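Residue numbers (this note's numbering), protein chains in the order written: chain A, 807 to 941; chain B, 807 to 941; chain C, 807 to 941; chain D, 807 to 941; chain E, 807 to 941; chain F, 807 to 941.
6 protein chains.
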Amino acid sequence: MEQFSPILPVLADEDLDPRAAAVFEDIRATRQTDFINNFWRVLAHDPANLERTWGELKELMGEGTSLDPLVKELIYVAVSTVNNCTYCVRSHTAAARAKGASDQQLAEMQSIVAAANKTNRLAIGLQVPVDEAFS
Amino acid sequence: MEQFSPILPVLADEDLDPRAAAVFEDIRATRQTDFINNFWRVLAHDPANLERTWGELKELMGEGTSLDPLVKELIYVAVSTVNNCTYCVRSHTAAARAKGASDQQLAEMQSIVAAANKTNRLAIGLQVPVDEAFS
Amino acid sequence: MEQFSPILPVLADEDLDPRAAAVFEDIRATRQTDFINNFWRVLAHDPANLERTWGELKELMGEGTSLDPLVKELIYVAVSTVNNCTYCVRSHTAAARAKGASDQQLAEMQSIVAAANKTNRLAIGLQVPVDEAFS
Amino acid sequence: MEQFSPILPVLADEDLDPRAAAVFEDIRATRQTDFINNFWRVLAHDPANLERTWGELKELMGEGTSLDPLVKELIYVAVSTVNNCTYCVRSHTAAARAKGASDQQLAEMQSIVAAANKTNRLAIGLQVPVDEAFS
Amino acid sequence: MEQFSPILPVLADEDLDPRAAAVFEDIRATRQTDFINNFWRVLAHDPANLERTWGELKELMGEGTSLDPLVKELIYVAVSTVNNCTYCVRSHTAAARAKGASDQQLAEMQSIVAAANKTNRLAIGLQVPVDEAFS
Amino acid sequence: MEQFSPILPVLADEDLDPRAAAVFEDIRATRQTDFINNFWRVLAHDPANLERTWGELKELMGEGTSLDPLVKELIYVAVSTVNNCTYCVRSHTAAARAKGASDQQLAEMQSIVAAANKTNRLAIGLQVPVDEAFS
């Protein structure tokens, strides 16, 4: 589909500086796929940010933490929905599906995002005071 | 703690109209506690909205759906954080704890919310085009 | 109620520069009250912005336009709720009441804000394509 | 116009389960048109959410409440603008026009949304303390 | 690229009323270019808002104030990124480049926007109390 | 000032685990002050996130990059204002002042944030199509 051009070009593998190339290698090894999506290919213009951001996601989103990887991916999609980031909703919904999310789970998660947005505004708009129990 | 007054007063049980009183009874039965928090006590000025909103949360947030109740509560806190709703962050964090969330799980969830907010802005600010694979 | 201090101090009438003083005079004449709320008293540190902002609101929010002053005030509260601006929700709700808004109208407006926030997120989260009829 | 595919497919009438079909029938009867827009056709994957959401909008947005239907539609567009929901801005602007909104009223409403966004940020950024009168 | 139509049509020079035409003349003189971008061409339907908005930007964004024009343009892009305004991110990034912004500066600014979004959510989500020193 | 308690307690120096203590030492050395603000004291419950977040800010916000440290701090305040993070607006405004920001520069930056929020909503609400020149 035709889209606007990014602010900085999508970099091909042969255009990477060595620090960025090393990150791409780690992404491929971690995800066990050759595919590197555009987010990383644009971020690669700033290798320090690429390293930090990939390092952060690798540390946070994998196995072996207190939350299940699928749960974490659903939280990621929920946040991306509230922030209205098309790229992120689409890429992290795909990631959630790859981790086993069913259509029903995705629809249910979005129902909760919608309900929370509704009650968030009611609490703000009506200026509900925090209960002693929650203070 | 001293707080601003709400837009519509916090209603005591004796001030409720019958429709609102019936909802409060259902909240108490469902949650198995006598405590009704201020959100519902302010919303009670509009019984139709109270019925709809409680009905929606009761249907969405309980057992027996495709997502675990604790997972759903964590998603609720995540959304409330992005929307910056103090009341909601505090009340739903309390609810998550009541459903078994550990400090570590809460901290981890907030790390993911933070990371998603970061990458959401990078995707938007750099205008990253959606990959064919996600389109 | 005890509050944090503003970034720039709340200016008393005797601390105003002449441009700011002239704006305050116009606010008082337009609103037919001596009371000047803190928003203008902080903004008065930047007389150019004070002039522009007061001029804009005076032009937009009064009588004689295609929308009723109360309707405009309700729209103002709705926007302030979505942006979660406590100061603005409170001051513009007070303004709406001064223009005749009933408790019921305020509650109804907030119900619509809440419902719109809910369906906004569903449209975004489910990536609903725009219908031919709306394109 | 070419667009990204939704997270869950747009359902045709023949693909609906009976609960969703009943909602569609009610939408058609209420709106007195055969046209069902994509929002409902995607939401139809989750009949419970479809029922709740349609029920809520039907109850809120019609005649016979304390606010005029056109006013309510303008508030809906205002909220959708702040949330940056393209689908919602476009579909509810169309709805506002169908209820009689003129170009001038739409432009005026957007001017107020813009002005409110401006003053919301000033109140937040300058940390203006809430006046005693609004507390 | 094919796009949705605006809510009000993009006006050609020959369709302007005299007040709007005078603003366009001033934009051309100030920017020393014949090009008038779509934002102004749509806003021209509401000459009062066009005058106010152009007047505000002309006063704020030029030379001779306490902040450098390039710095001001970077702040503008940062805000537009948080608000997820595609039109604004793209047009103000172009303006920043015209004022001398390098790719590195744009990437660095976006890194800061991303980091701020991250820590903003942590402060909100963890409900960090304001230090005495900042109160 | 009395405030709500944080989700996880503010940690004193003697309560830190060794990884968190090492970060605090680095913060003190970098900032050349003994003062550690509450943000880090709450984040210290999650030493991995503390390390990542401090490392990111240290790398981004100091001297020796393509943008001036004061400019970067102003961008940080601008983003925090749009996100309505009271803690962040207050702490980063203090940081901007420590780096030399005058009252006039802070007021001017907030005027730009406000104007950008205004034009962002107009571009979104009127659905202004992106010009060929910016695509």
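Beta carbons are placed, not taken as given, at the ideal position from N, Cα and C, and that holds for glycine.
For clarity, every value in this text was computed on a predicted model and none was experimentally measured.
Judged by beta-carbon spacing, GLY931 (chain A) lies within the 8 Å limit of THR887 (chain C), meaning their Cβ atoms are closer than that value. In this structure ASP821 (chain E) does not touch ALA913 (chain D) by the C-beta definition: roughly 15 Å separates them, more than the 8 Å allowed.
Taking the Cβ atoms as the reference, PHE845 (chain F) lies roughly 7 Å from SER897 (chain F), within the contact range of under 8 Å. Cβ-Cβ separation between ALA921 (chain D) and LEU873 (chain C): approximately 13 Å, too far for a contact (criterion under 8 Å). Bounds of the alpha helix (DSSP H) holding GLY861 (chain C) are 853-867. Going by DSSP, SER897 (chain F) is part of the alpha helix (DSSP H) stretching over 892-904. Non-local beta-carbon contacts of LEU928 (chain E) in its own chain, meaning distances under 8 Å to residues more than five positions away in sequence, involve VAL934 in chain order.
Here VAL934 (chain B) carries a coil assignment [DSSP, helix/strand/coil]. Taking 7 Å as the cut-off between beta carbons, the residues of the stretch 908-941 of chain D near chain E are ASP909, LEU912, ALA913, SER917, in sequence order. Here THR836 (chain D) is exposed, its C-beta having fewer than 16 other C-beta atoms within 10 Å. Setting aside the 5 residues that flank it on each side, GLU869 (chain B) is surrounded in the same chain by PRO875, each with a C-beta closer than 7 Å to its C-beta; the list follows chain order. Here ASN923 (chain C) really is in contact with VAL885 (chain D); their C-beta atoms are around 6 Å apart, less than 8 Å. Between the alpha carbons of ALA850 (chain C) and ARG903 (chain F) lies a distance of about 20 Å.
Setting aside the 5 residues that flank it on each side, GLU879 (chain F) is surrounded in the same chain by MET867, HIS898, ALA901, ALA902, LYS905, ALA907, each with a C-beta closer than 8 Å to its C-beta; the list follows chain order. Taken through DSSP and simplified to helix, strand or coil, ALA828 (chain C) comes out as helix.
Here GLU808 (chain B) is not near MET915 (chain C), since their CB atoms are 8 Å or more apart. For the stretch 813-824 of chain E, the residues whose beta carbon sits under 9 Å from a beta carbon of chain F are, in order, ILE813, LEU814, VAL816. In the three-state scheme derived from DSSP, where H, G and I count as helix and E and B as strand, MET915 (chain E) is classed as helix. Listed along chain C, the residues sitting closer than 9 Å to ARG896 (chain A) by beta-carbon distance are GLN933.
When the five nearest sequence neighbours on each side are left out, the beta carbons in the same chain lying within less than 6 Å of the beta carbon of LEU856 (chain E) are those of ALA826, VAL829, LEU849, ALA850, in order along the chain. When only Cα atoms are considered, ASP937 (chain F) and ASN890 (chain D) end up about 19 Å apart. Close to ASN890 (chain F), with beta-carbon spacing below 7 Å, are these residues of chain D in chain order: ILE930. Look at ALA835 (chain E) here: in three-state DSSP terms it is helix. Within the stretch 855-889 of chain D, contact with chain B at the beta-carbon level (separation under 8 Å) is assigned to ARG858, GLY861, GLU862, GLU865. In the three-state scheme derived from DSSP, where H, G and I count as helix and E and B as strand, GLU879 (chain F) is classed as helix. At a C-beta separation below 7 Å, THR899 (chain C) has these neighbours in chain B: ILE813.
Take ASP823 (chain F), set aside five residues on each side of it, and the residues of its chain with a beta-carbon closer than 7 Å to its own are PRO853, in chain order. In the three-state reduction of the DSSP assignment, THR887 (chain D) falls in the helix class.
Around PHE841 (chain B), the same chain offers no residue with a beta carbon nearer than 7 Å, after the five sequence neighbours per side are excluded. Taking C-beta atoms as the reference points, ILE881 (chain E) and VAL816 (chain F) fail to come closer than 8 Å.
Taking ASP832 (chain E) as the centre and dropping the five residues before and after it, the same chain places the C-beta of TRP860, LYS864 closer than 8 Å to its C-beta, in chain order. In the structure shown, the three-state DSSP call for ALA850 (chain A) is coil. When 8 Å is used as the limit between beta carbons, PHE830 (chain C) is near no residue of chain F, the shortest such separation being about 17 Å. Residue D:ASP909 holds the alpha-carbon nearest to the alpha-carbon of LEU814 (chain E) among D:THR871, D:ASP909, D:THR839.
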